[in-house]
Structure formats: C-alpha cells, structure tokens
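Presented below is the structure to which this report refers.
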Amino acid sequence: MSTPRWQIDTVRSRPTDATLAQLGSLAGTARSTDGHPPFSDQTLVSLRGGDADGRRVTTLLARERDRADAAAAPVGAAVLVADGDGAPLLELVVAPRHRRAGAASALLAAAAALPETRDAGVRTWSHGDHPAARVLADRNRYTVVRELWRMSAPVAAVAPANAVPASADGTRVRAFRPGDEAALLDLNRAAFAHHPEQGALTAGDLADLMAQDWFDADGLFLAERTTDPATGGPLLGFHWTKIDPAEPDEGEIYVLGVHPDAQGRGLGRVLTAAGLAHLRRRGVETITLYVDADNTAAVRLYTAVGFVRADVDVLYAPATGAVGSQ
1 MSTPRWQIDT VRSRPTDATL AQLGSLAGTA RSTDGHPPFS DQTLVSLRGG
51 DADGRRVTTL LARERDRADA AAAPVGAAVL VADGDGAPLL ELVVAPRHRR
101 AGAASALLAA AAALPETRDA GVRTWSHGDH PAARVLADRN RYTVVRELWR
151 MSAPVAAVAP ANAVPASADG TRVRAFRPGD EAALLDLNRA AFAHHPEQGA
201 LTAGDLADLM AQDWFDADGL FLAERTTDPA TGGPLLGFHW TKIDPAEPDE
251 GEIYVLGVHP DAQGRGLGRV LTAAGLAHLR RRGVETITLY VDADNTAAVR
301 LYTAVGFVRA DVDVLYAPAT GAVGSQ
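Everything in the sequence shown is counted per the UniProt record's numbering, starting at 1 for the first residue and increasing by one.
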C-alpha cells in the first residue's frame, strides 16, 4: 500500500500567530495567481478570533509528508467555520505550484470527516468560480447551491461629480463615531436577520474588521432619525464602503443595510449616494459590489444604473444523498 503524500494537521480554534502569518503568505500567493482572495473577510475574522459566541473554527493544514515537520509552511489549508446554523462553511486554498497533486482532495476529505460535518455535510466557496474547484466538486459529488455576483462600474457612471445629494425626511446621514459600535451591531442584526454570514457579526468581529488597514471611519455612513438635533436618534441604516490598499483604484459597496422598520423610505438610495460620493472623492476608478444572483430585483436595479457582472463566487454543497461521500 502506498503512503499518502499529504499529511493533514488539525488546528482547533485560533491558530498561532506564526501559523496565521503562514496562511497569510499562502493566501497572498494564491491571490496573485488567481486574481481572487481565497478567503473571505468573514472567514479571516473567524480565523483570527477563533471559537466564540457559539462559533467553532477548525483549520486544516496540508504539508508534504516527507517535509511535515511542525515548522514547515503548509502548501494548502482549509478553514471550517461552524456556527450551529446549517452546514459548516469551508474555504480552501492550495499553493499554485502544488496544485493538481491531490492536496485539495485530501483537505476536502479531512473536512468531511470532522465530527461537525459528518451529518450536515459542508458548504464550500469557490471565489472566482475556479476551474479546479469545479473538477473537485464534480469528483466529490458537490453541486452549486448559491451564486454571488461581483458587479462593477466606472465611478463616473454611477457617481457623477455633479450628482445632487439625496435626502430622506426626518433623517440625517453622518460618519461613524467611536461609541456607535453597539447600535451598529443591533442594526446589522436586524437588517440581516436572515443572512447566514453578515447577520452573525459579533462585537469581536466588528472590532477585528475595524482594526484592519483598510478600515476608514469616514467611509462608514450611518442614517439616524433626527429626534434630537444635537444627539441624533436611533440608527435606521448604514453603508460601509471599502478600499483595499492592495487595490487602491477600486472602491467597494462593502455592506449596505436598512432596518426592516425603516424600509420603503428611500434610505437605501440616500446611503448609497453618500457612499458613492465618498468613494469618488477618494479617487477610485471603479466601484464594485456583491449581490446574490437570484436577487433579481437588486440585480435589475444595479444593472439599470450601470453595473455589469464582472465575476462570480459559487457555493458548493454535497448533492442529495452524497453528504460526506468522497
């Protein structure tokens, strides 16, 4: 019997700082080759935070068996996040020069054998709909269950310099201030109560995101009811914009949310306009956003104002009757 080429090591909760640095290097190399980051912001938040608030984080590291000492950098990794809400979510990456040698299959098999996935299976993202992911999914009887489109448009098309500021009666829009965190989390939970990732944002997650080098408080806009001209009132909506230092020419509509009780008042339009104007002032050339492909109303709206589909992320899950099968 031949010896398996890959050794898979399991790390529970938060990896060490040294391992996090190795994962960052691995992800950066893959992003340079593929044009897409292998891990989403939320997965990175979970990875850095470890187990918390009912969330369980497991990292699988693939090393070549003949070079499998603890100090050796992994050539592949998978991060599994289980939060008790449906099947756990997996994101996986293999270093470009080690692909097509079985490391991804070994990682996926190890993830499917974990106690938290044996009954529920595992959902796994392929950012950019990578061709190798399609092959791996087909081989392991996984099927696409969700598509997330990345849409983009030139800034001049969606945020013209002569745009008239939008407004909504009884509200005002301002930038985030320290002390807004708890109210923002409450608003986020209400606005994304049925969203599997965004709605689960915790205080620790928010602090982690705000500690990243791309965070800009002036680019996080809050809409509040003007019950008091001096102090403002309850938060009704927010628009969080993002400019990644690695891609300074691209601005993103990162998160846009409106409280259910405040919908239908035009706040989404007002907040969108405020964020786009901010991104234009920051000098970006392109605006991007993410939207579920089956959200036809949103796709129609974004298409009408000039956005086009630029890329797609796909979510795979085991086909019916194939949970845990390899």
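Built from N, CA and C at the ideal position, the CB exists for glycine as well.
>> By the three-class DSSP mapping on this structure, what secondary structure does His278 have?
In response: Walking along the sequence shown from the start, residue 278 turns up at place 278. In this structure, DSSP gives His278 a helical state, which the three-state scheme calls helix.
> Within 10 angstroms of its Cβ, does Ser25 collect 16 or more other Cβ (buried), or is it exposed?
Replying inline: As a position in the sequence shown, residue 25 is number 25, starting the count at 1. So Ser25 ends up on the exposed side.
>> With DSSP as the reference, identify every bridge partner of Tyr142, one or two as the case may be.
In response: On the sequence shown, position 142 is the one that residue 142 refers to. Paired residues: Pro318.
>> I believe Thr29 touches Glu91 by the beta-carbon criterion, under 8 Å. Please report the beta-carbon distance rounded to the nearest angstrom.
In response: Here residue 29 corresponds to residue number 29 of the sequence shown, with the count starting at 1. Here residue 91 corresponds to residue number 91 of the sequence shown, with the count starting at 1. Not a contact, Cβ separation roughly 16 Å.
> Hey, is Gly102 close to the ligand GTP, as in C-beta under 7 Å from one of its heavy atoms?
Replying inline: Only the bare structure without any ligand can be found here, which leaves the ligand GTP out of the picture.
> By Cβ distance, which residues of its chain are closer than 8 Å to Ala203, with the 5 residues on each side in sequence left out?
Replying inline: As a position in the sequence shown, residue 203 is number 203, starting the count at 1. By the criterion of a C-beta distance shorter than 8 Å, Ala203 is surrounded in its chain by Glu181, Ala182, Leu185, once the five residues flanking it on both sides are discounted.
> What did DSSP end up calling Gly23 once you bin it into helix, strand or coil?
Replying inline: Taking the sequence shown and counting its residues from 1, one reaches residue 23 at position 23. For the sequence presented, residue 23 should be read as Leu rather than Gly. The answer is helix: DSSP assigns Leu23 an H, G or I state.
> Identify the residues that DSSP records as bridge partners of Phe238: which are they?
Replying inline: Counting from one through the sequence shown, the residue named residue 238 turns up at place 238. Beta-bridge analysis with DSSP links Phe238 to Leu222, Gly257.
> Given a threshold of 16 other Cβ atoms within 10 Å of its Cβ, counted over all protein chains shown, does Asp313 qualify as buried or as exposed?
Replying inline: Counting from one through the sequence shown, the residue named residue 313 turns up at place 313. Looking at its Cβ environment, which holds 16 or more other Cβ atoms inside 10 Å, Asp313 is buried.
> Hey, would you say His259 sits closer than 8 Å to Gly275, going by beta carbons?
Replying inline: Walking along the sequence shown from the start, residue 259 turns up at place 259. Walking along the sequence shown from the start, residue 275 turns up at place 275. Taking 8 Å as the Cβ cut-off, His259 and Gly275 do not qualify as a contacting pair.
> Apart from the five residues just before and just after Thr10, which ones in its own chain have a Cβ nearer than 7 Å to its Cβ?
Replying inline: Within the sequence shown, the letter at position 10 stands for residue 10. Same-chain partners within the cutoff: Thr58, Leu60.
> What three-state label does DSSP hand Val323 in the structure shown?
Replying inline: Position 323 of the sequence shown holds residue 323. Low local confidence applies: a pLDDT of 41 at Val323 is under 50, so the model's placement there is unreliable, with the coordinate-based value given in what follows. Judged by DSSP in its simplified three-state form, Val323 adopts coil rather than helix or strand.
> Are the beta-carbon atoms belonging to Ile253 and Ala159 less than 8 Å from one another?
Replying inline: As a first step, residue 253 must be located in the sequence shown, where it is residue number 253. As a first step, residue 159 must be located in the sequence shown, where it is residue number 159. Between Ile253 and Ala159, the C-beta gap is not smaller than 8 Å, which leaves the two residues out of contact.
> Assuming Val173 contacts Ala109 under a Cβ cut-off of 8 Å, what Cβ separation, rounded to an integer in Å, is found between them?
Replying inline: For the purposes of this step, residue 173 is taken as the residue at position 173 of the sequence shown. For the purposes of this step, residue 109 is taken as the residue at position 109 of the sequence shown. The C-beta separation of Val173 from Ala109 comes to about 50 Å, leaving the pair out of contact by the 8 Å criterion.
> Going by other Cβ atoms of all chains shown within 10 Å of its Cβ, with 16 needed for buried, is Met1 buried or exposed?
Replying inline: Indexing the sequence shown from 1 puts residue 1 at position 1. The pLDDT assigned to Met1 is 40, lower than 50, so where the model puts this residue is not dependable; a value taken from the coordinates is nonetheless given after this. Exposed: under 16 other Cβ atoms inside 10 Å.
> With Gln22 and Pro74 assumed to form a contact (beta carbons below 8 Å), what rounded beta-carbon distance in angstroms separates them?
Replying inline: Taking the sequence shown and counting its residues from 1, one reaches residue 22 at position 22. Taking the sequence shown and counting its residues from 1, one reaches residue 74 at position 74. Yes, they are in contact, since the Cβ atoms of Gln22 and Pro74 sit about 6 Å apart, within 8 Å.
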